[in-house]
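Quick notes on the structure that follows.
In our numbering, the protein residues as written are 5 to 244.
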């Protein structure tokens, strides 16, 4: 592989590391209450690092920062209460909770453990990914789906780093397909529900960065697949 192409592959790997990290960050927001340390870290972030991000991502982080402008001893508890209210329906008797399961938003009955759960479970098995069984949470929880995308991106990167461009292409195709089939089909509805249900602007901000990132991913995943296909055509499976 020529020097310029090697540098381009290295840039792809770096881009994918950022994608996987962002997916895992979002996964955490939806599965766990924030710790004091995480709250302080978000509050101290420099928003200039999001200057090149989509407007929704920038707006989302601005909302989160605005809420955390005056962090005090009660902030963590306030966010924990809103997390439970928004995602676990704790104390929520009047509105539709933003329960973050694909089945809830894609099945006619609005129930958990429907076709979407079965579909993603089979995909996880193929990749030998096993969500934490102790949590007793269905596999189509948005956090597990985000973790799965991060795993696919990691394996795409393994192919790029090894010069196995056919492997990289396979995983690029899987990333694009998963984005189309198990993200775009419900993420807007989930984010709309969060905006309707959340009591704090912090979780409204989380919904904005989620929506912005997933829609950005549509173009990124498509472009990544195209580039990997070009690498296969140019170098085959392995490049020296």
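Cβ atoms here follow ideal geometry from the backbone N, Cα and C, with glycine treated the same way. Source: prediction; values computed, not measured.
For residue 27, the closest C-alpha among the options 72, 158, 44 is that of 158. Per DSSP, residue 11 is one residue of the alpha helix (DSSP H) stretching across 7-35. Taking C-beta separations shorter than 6 Å and ignoring five residues to either side along the sequence, the partners of residue 38 in its chain run 83, following chain order. Membership of residue 65 in the alpha helix (DSSP H) is indicated by the continuous run 59-71. Taking one beta carbon from each stretch, the stretch 62-72 and the stretch 177-190 have fewer than 3 pairs nearer than 8 Å; the two do not touch.
Counting only the Cα atoms, residue 71 lies some 14 Å from residue 42.
Beta-bridge pairing by DSSP links residue 105 to 145. Contact check for residue 169 against residue 236 passes: the beta carbons are separated by less than 8 Å.
The C-beta distance from residue 106 to residue 128 rounds to 13 Å, too long to fall under 8 Å, and the pair is not in contact.
About 33 Å separates the beta carbons of residue 90 and residue 175, which is beyond the 8 Å limit, so they are not a contact pair.
By the neighbour-count criterion, in which 16 or more other beta carbons inside 10 Å mark a residue as buried, residue 147 falls on the buried side.
Remark: C-beta atoms of residue 204 and residue 86 approach each other more closely than 8 Å. Residue state for residue 209 is assigned as helix, using DSSP reduced to three classes.
Taking 8 Å as the cut-off, the beta carbon of residue 133 is found closer than this to the beta carbon of residue 155. If you look at residue 127, you'll find it in the alpha helix (DSSP H) that goes 119-130.
Setting aside the 5 residues that flank it on each side, residue 22 has no residue in the same chain whose C-beta is closer than 8 Å to its C-beta. Residue 212 counts as buried, since no fewer than 16 other beta carbons sit within 10 angstroms of its beta carbon. Taking every protein chain shown into account, the CB of residue 136 has fewer than 16 other CB atoms within 10 angstroms, so this residue is exposed. For residue 180, the enclosing alpha helix (DSSP H) starts and ends at 169-186.
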